[in-house]
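Below is one structure, written out as C-alpha cells; the observations come after it.
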Amino acid sequence: MRHSDYLKNLLENRRNEVRQVDPIHEVGNHITSPPSATSLEENKIIAEYLEQKNLHTLANAVPEFKKPLILKKFFKMKRNQEVIVYIDHQDNTQEISGKVNAIGRDFVILTNLKDRIWIPYKTILSANSPSGVPTYENAHQNFIYDNDLKRKLTTNFGETVANRDVLIQQFFEESLKGNLHRWQGVWVKVFLADEIVIGKIASVTEEFILLQSFGSEREIALTDVTLIRSARLFIQFLLMGKNMIKSMFR
Numbered sequence: 001m002r003h004s005d006y007l008k009n010l011l012e013n014r015r016n017e018v019r020q021v022d023p024i025h026e027v028g029n030h031i032t033s034p035p036s037a038t039s040l041e042e043n044k045i046i047a048e049y050l051e052q053k054n055l056h057t058l059a060n061a062v063p064e065f066k067k068p069l070i071l072k073k074f075f076k077m078k079r080n081q082e083v084i085v086y087i088d089h090q091d092n093t094q095e096i097s098g099k100v101n102a103i104g105r106d107f108v109i110l111t112n113l114k115d116r117i118w119i120p121y122k123t124i125l126s127a128n129s130p131s132g133v134p135t136y137e138n139a140h141q142n143f144i145y146d147n148d149l150k151r152k153l154t155t156n157f158g159e160t161v162a163n164r165d166v167l168i169q170q171f172f173e174e175s176l177k178g179n180l181h182r183w184q185g186v187w188v189k190v191f192l193a194d195e196i197v198i199g200k201i202a203s204v205t206e207e208f209i210l211l212q213s214f215g216s217e218r219e220i221a222l223t224d225v226t227l228i229r230s231a232r233l234f235i236q237f238l239l240m241g242k243n244m245i246k247s248m249f250r
C-alpha cells in the first residue's frame, strides 16, 4: 500500500471512530498524555519516592553536602509550618521553635510572635515537627499567581522577582549574607559562641557583618554566628537609656 493510500485510510478510520470522553486526561477539546502507565495516585507516590531516593543517593555520594541537602528538603516540606530546631550553643543543646519563613542555601529563617530568627545550617544538630501539630498538604502552601503576575514573570522576570521577597524565596536559594544584606538598618541580636552582640545591621560583606550601636561598631565574622534574632523595640530603648546614662557620667 502506498503511503498516500495508507494515510487516506487512516484519516477515514479516525473520522469514523467512536470517540469516548476521557474524564481524567481530557482538558477542553484536547487529551493530554498520561504521565505513566499507573494510576495518578500511584504515580504521585512513585514520584515522591524517587525524589527522596535520589536525594539520599546524592547526599551519600557527597557527604560534605548531606547535612544542608537534607535540612533544605525538610524545611521546604514544612514551609509556613511549626518546627523545632535543636542547635549547639556554648556546648549546650538549645531548642528553638517557630514557623518556617524562608529557606536559604546555608540557613533557615523561623518566625514567632516576637522574633525573626536566622539559623545557619552549620549550628543545627537536628530538626523535627512538634507532636500534636497537624501537617498540612503541600498544596496548602502553594503561592497563588494571578494573571498579571504571570505576565510580569514572562516579560520582566528579573525586576519582578527582585521586588518581592516571597518570589525571591520561591525562585532562588539565598545565602545568609545575601539575605542579611536586604535587612540593613534592622536591629538584631547576634549570638556568638561566648557572647551576644546587639546592634543595627550597617553592612554585610562576603565574610563579615557590621553592627552599629549608638556610635560604636562591631565587625563579626559570619562563620562565628550561631544564630541571629531580631531585636524588639524595648531592647533598643534600653540601649538608648544605657548610652545616655554613660554619656552623663563621662
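Okay, so the sequence shown: first residue is 1 according to full-length UniProt numbering, each after it adds one.
Using N, Cα and C, we set each Cβ at its ideal position, and we do this for glycine too.
(message) Within 10 Å of its beta-carbon, does Arg15 have 16 or more other beta-carbons around it, so buried, or fewer, so exposed?
(response) It counts as exposed.
(message) On the DSSP bridge list, what partners appear for Tyr86?
(response) Glu95 and Ser126
(request) Would you mind reading off the limits of the alpha helix (DSSP H) that contains Pro120? (result) Run containing Pro120: none in the alpha helix (DSSP H); it sits in the beta strand (DSSP E), Arg116 to Pro120.
(request) Kindly indicate the opening and closing residues of the beta strand (DSSP E) around Arg218. (result) Ser216 to Ala221
(message) DSSP three-state label for Gly104, please.
(response) Three-state result, Gly104: coil.
(message) Quick check: what's the CA-CA separation for Ala202 versus Gly158?
(response) Spanning the two alpha carbons is a distance of roughly 26 Å.
(message) If you follow the alpha helix (DSSP H) that Ile46 is in, where does it begin and where does it stop?
(response) Leu40 to Ala61
(message) Just to confirm, is the Cβ distance from Glu207 to Leu222 under 8 Å?
(response) yes
(request) Measure the C-alpha to C-alpha separation of Lys76 and Phe191 and round it to an integer number of angstroms. (result) Rounded to whole angstroms, the gap between the alpha carbons of Lys76 and Phe191 is 25 Å.
(request) Ignore the nearest five residues each way along the sequence and tell me which others in Lys8's own chain have a CB closer than 7 Å to its CB. (result) none
(request) Under 6 Å Cβ to Cβ from Asn112, same chain only, skipping five residues before and after it: list those, please. (result) Gly98
(message) Can you find the residues in the same chain that come closer than 7 Å, C-beta to C-beta, to Met1, ignoring five residues on each side of it along the sequence?
(response) none
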